[in-house]
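See structure below.
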Amino acid sequence: MSNEILKMKNITKIYSNGVIANKDVTLSVNKGEIHALMGENGAGKSTLMKILFGIEGKNSGDIYFEGKRIEAVNPSDMINIGIGMVHQHFMLVDSLKVYENVILGMEPRKGVFTDTQSAIKLVADTAKKYNLNVDPMAKVSDISVGLKQKVEILKVLIRGAKLLILDEPTAVLTPQETEELFEQLILLKDNGHTIIFISHKIREVRQICDRITVLRGGRSIGVIPVENSTEEEISRFMVGRDVVLDVDKKPASFGEVLLRVENLNYKNKYGKQLLKDVSFNVRKGQILGIAGVEGNGQNEIAESIFGFNNNINGKITFRDISLLDKSIRDIRNLGISYIPEDRMTIGVTKDVSIWENLVSDSIDNKSLKNKGLLNIKKIKGYARELIREFKILCRNEDQQVAMLSGGNTQKVVVAREFSSDPNLLIANQPTRGIDVGANEFIWKKIIDLRDKGRGIILISADLNEIMELSDSILVMADGEVAAFFEDGKNTTEYELGLYMLGIKRQSLEERVGKFEKE
Amino acid sequence: MNNVLDLIFSTDFLFTTIRVMTPILFAALACMIFTKGGIDSIGTEGIMLMCSLAGVLGSHYTQNPFLGMLTAVIVGSLLACLFGYVTLSLKSEPVLAGIALNTLASGLTIFIIYYVTGEKGSTQSLMSPTLPNIHIPLLKDMPILGSILSGHNFITYLGLLLTVVLALFIYKTPTGLRIRSVGENPDAAKSIGIKVYKYKYIALIIAGALAGLGGSFMSMGYVSFFSKEMVAGRGFIGMAAESMGRGTPIGVLLSSLLFGAADSLAIRLQMLNLPVQLIQTIPYVVTIIAIAIYSYSRTEKKISK
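The listed protein sequences derive, respectively, from chains W and S.
Just so we're aligned: 344 in this note's numbering is position 331 of the first sequence, and the numbers increase by one with no gaps anywhere.
Just so we're aligned: 201 in this note's numbering is position 200 of the second sequence, and the numbers increase by one with no gaps anywhere.
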């Protein structure tokens, strides 16, 4: 195919610990297309891109770019031949200005000094050319996530990239920012650039990509043209079975109020007000989704309920018991569980075994002890049960949590938090960065819990998750409740986006009215 | 009381302030470059001490104070690179490596002076030329200003000059930009093909050289010989000055001046009938207070944001 710009042929990568990350993977990308690389977590997408970029070596296989065989030794080789990568975690130096970040490593010079004037001009001109609206003089730490991404794209373009790789670019964006990004990507495509778009999100891929290469279990399963395929077909390719993307959920039947949050105000240690007059209820059998752009108080709500924060004003009551003066231990004993946002630092102790992590909340439980000492045999048996029930992929219960994939680590957290059979579950970003299979599993568990008549607070930056799972939806913006929909079906992703960005806001009466009606 | 004020508000006091500020300024500049390159600066103290001795020995064996200073600069850079090798390439804990370097310096310097001179306390028996004091034409004849600003040691003027040069280097040259980037976010630098270690080592060499200059001032300008533990915490005060100066050259210079003034005050007050031990704590107490005030004002600022 003369139109082919990149070909990775029969790539095999076996890590020194014996894990086969890529097996005979073939990826072929045509010039001027937006090519999606899809697959569950651990399917080998990242490894494949690291091999392309020379960050990881490969055991066998060949890479051709523009018809020439290439051997990458380090990232700058790839940059030189015209391949650029926009990483999922931004590779920016926060204290530097936008233009400094962009020209870093290729600074125009005037004698021994950097030619600041022409550097700024170069950045401004390129930004204008590609319609990437960023101020070259702004400090990176002061700009939004969406703008940071534009800086990353600018960095790649200014280095003359013909092929751009975007690693899950929409994970951090609002729907509006995503739309803008897509417009820019299409503009780039029209300018003759080629794009590899790595994503989990089938809808987005269908929206802008031309073809999809699917990886599964380290192998390339096939190439699908987007045009004649349905979401279901693509997801079947990805996981090798049908995934219920539209969650199958019985209609909600709300019971009595479990948790009441009234006029919650919270200031952090620097005195910044992060929560302002937040009120809501959670009922039995209700999944309350809390949507919002990250950092708008959702996390603080979860932490305030669960006893992490001091300095709270307002009321939080669980079955008419105030939680404000309770320790985390007391709160857990009341039957409240918490899946924290940051699983690696708060969710698990990654250097110890799976079984130890699984019982860390229930270590005081008498049934796990024998004359005051831990009954290891019994605990391990219990851990094995949980591993089976929650389908945690591991060698055995003694394996370190650090060795597990993201999805399986999250399953360890979920298994532990569900094992106490909670009355109220606070799930903070329960499926972030995990694969479709684990995602579906966790969703099912959450719905099962609801159907047992328990209350759930679901905090998520993924609007799809909020829409699919929630019975009621609360939108946070700037530490305040921007909107509340008692029936989550009465809104759209687009409308939620407007509330999240603070473009729209329900009046107090609108919201309170809804609470009263309950 | 008048007595005290007279002692403080004199041209002599200001002259001494600049003189005693010199090693702190160098230490702080060294810490600034370390920090910009993302390297722990805790070993500055030990590097300075070793360089004080290296300077004296170089000067003694060559009978040329500038070659002595050069020796100190080279030894400083080598030690900084050693610290860098241990912490960057061998990935040992920087704080531990720094403590090891500092304790090594105090032991090894004593060992070397004993080996060379047969004495354990100082190198007073060696003939080591010192660096000259420089009287600036015109300025030296001006009233007040002349007696404050002129007649300082060569290294003092070099320090002031280097403050400006380093400011240009860090903020206006590609190498400076790259050092800042590898120091703050090495992954970002690496992702666009910048050789992280190369720029870390450039930072190490420069910082080591600066610490070396500061050390050589102690034994070849401040006094004319090496004595054990003569750096006496100036490396650490330099760390404090760097942090208070927010890592900017002008901030570093001003906070070094503050600590120099405290030092100078301690020297002045020794002329009064007060317990010497108490007075000698002044520079260190000022360091603690200054850092406390500085940290407090920074948190305040964050709150008001």
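Think of the CB as a built atom: it goes at the ideal place given N, C-alpha and C, for glycine as much as any other residue.
Residues in its own chain within less than 8 Å of residue i by CB, not counting five upstream and five downstream?
i, result
"R224(W)", "N43, E46, H48, A49, V236, I237, P238 and V239"
"V306(W)", "T187, A474, A490, M513 and L514"
"A291(S)", "A241, M245, S256, L259 and F260"
"C82(S)", "Y202, L205, I206 and G209"
"K229(S)", "S107, T110, I111, I114, K121, G122 and S123"
"F155(S)", "L132, P133, N134, I135 and G222"
"I221(W)", "I47, F195, L198, I199 and F210"
"L176(W)", "I18, L19, V42, F78, G95, I96, G97, H206, T207, I208 and I209"
Does the distance from the C-beta atom of residue i to that of residue j stay below 9 Å?
i, j, result
"S233(W)", "L40(W)", "yes"
"L277(W)", "N326(W)", "yes"
"E430(W)", "S350(W)", "yes"
"G56(S)", "M70(S)", "yes"
"V232(S)", "P66(S)", "no"
"D411(W)", "S375(W)", "no"
"G57(W)", "K22(W)", "no"
"V537(W)", "V158(W)", "What is shown of chain W runs 14 to 531, which leaves residue 537(W) out entirely."
"G468(W)", "L272(W)", "yes"
"A315(W)", "P353(W)", "yes"
"K36(W)", "G231(W)", "yes"
"L214(S)", "L159(S)", "yes"
"H136(S)", "G152(S)", "yes"
"R463(W)", "D448(W)", "no"
"N324(W)", "K282(W)", "yes"
"I180(S)", "K37(S)", "yes"
So which residues on chain W does residue i lean against when the C-beta distance must stay under 7 Å?
i, result
"G194(S)", "N87, P88, S89, I92 and G118"
"K173(S)", "F126 and T127"
"L178(S)", "E113, L117, E120 and T127"
Leaving out the 5 sequence neighbours to the left and right, which residues in its chain are closer than 7 Å to residue i when beta-carbon positions are compared?
i, result
"T17(S)", "S265 and I268"
"G205(W)", "G45"
"I173(W)", "Inspection of the sequence shows that residue 173(W) is occupied by Gly rather than by Ile. Excluding sequence neighbours, G173(W) sits near G95."
"D142(S)", "none"
"T12(S)", "I145, S148 and I149"
Measure from the alpha carbon of residue i to the alpha carbon of each residue in the options, then state which is nearest.
i, options, result
"M104(W)", "L258(S), G209(S), S182(S) and S257(S)", "S182(S)"
"F126(W)", "F170(S), H153(S) and Q281(S)", "F170(S)"
"I64(W)", "Y77(W), T183(W), G80(W) and A85(W)", "A85(W)"
"I171(W)", "I133(W), I68(W) and S154(W)", "I133(W)"
"V260(W)", "P88(W), M480(W) and G385(W)", "M480(W)"
"L61(W)", "S89(W), I24(W), I94(W) and G95(W)", "I24(W)"
"D500(W)", "T330(W), S131(W) and V488(W)", "V488(W)"
"G147(S)", "I19(S), L258(S) and E46(S)", "I19(S)"
"Q423(W)", "M150(W), G450(W) and E493(W)", "G450(W)"
"A415(W)", "I459(W), W368(W), L381(W) and K289(W)", "W368(W)"
"N309(W)", "L301(W), V291(W) and R296(W)", "V291(W)"
"M49(S)", "T104(S), V117(S), A263(S) and G236(S)", "G236(S)"
"I359(W)", "V136(W), R397(W) and V426(W)", "V426(W)"
"K214(W)", "G394(W), N477(W) and E506(W)", "N477(W)"
"K502(W)", "I300(W), F331(W), V361(W) and G394(W)", "I300(W)"
Cβ closer than 7 Å: which chain S residues qualify as neighbours of residue i?
i, result
"S108(W)", "E185"
Among the residues of its own chain, which have a CB less than 6 Å from the CB of residue i, if the five just before and after it don't count?
i, result
"E531(W)", "Bear in mind that the predicted position of E531(W) carries a pLDDT of just 44, short of 50, making it unreliable; the figure below should be weighed with that in mind. Closer than 6 Å at Cβ, skipping near neighbours: no residue."
"R299(S)", "none"
"G59(S)", "L68, G69 and T72"
"Q535(W)", "Given that chain W is displayed from residue 14 to residue 531, the structure contains no residue 535(W) and the question cannot be resolved."
"L254(S)", "T164"
"L15(S)", "I149"
"A168(S)", "P250"
"A31(S)", "T45, A208, L211 and A212"
"I455(W)", "V427, P443 and T444"
"K191(S)", "V197"
Going along chain W, which residues have a C-beta under 9 Å from residue i?
i, result
"A210(S)", "Simply none; closest approach about 18 Å."
"L214(S)", "Those do not exist, as L214(S) stays about 21 Å from chain W at its closest Cβ, beyond 9 Å."
Give the residues of chain S in contact with residue i, contact being defined as C-beta atoms less than 8 Å apart.
i, result
"L105(W)", "N186 and A189"
"H100(W)", "S192"
"K168(W)", "I193"
Does any residue of chain C have a CB that is nearer than 9 Å to the CB of residue i?
i, result
"N441(W)", "As a matter of chain content, chain C is missing from the structure shown, whose protein chains are W and S."
Report the neighbours of residue i on chain W: residues whose CB is nearer than 8 Å to its CB, in chain order.
i, result
"R181(S)", "V106, S108 and L109"
"T300(S)", "Y283"
(request) Mind the definition here: the segment 108 to 123 of chain W touches the segment 68 to 78 of chain W only if three or more C-beta pairs lie below 8 Å; say whether that holds. (result) no
(message) For the structure I just gave you, are there three or more beta carbon pairs, one from the segment 45 to 61 of chain S and one from the segment 171 to 179 of chain S, closer than 8 Å?
(response) Result no; under three Cβ-Cβ pairs closer than 8 Å.
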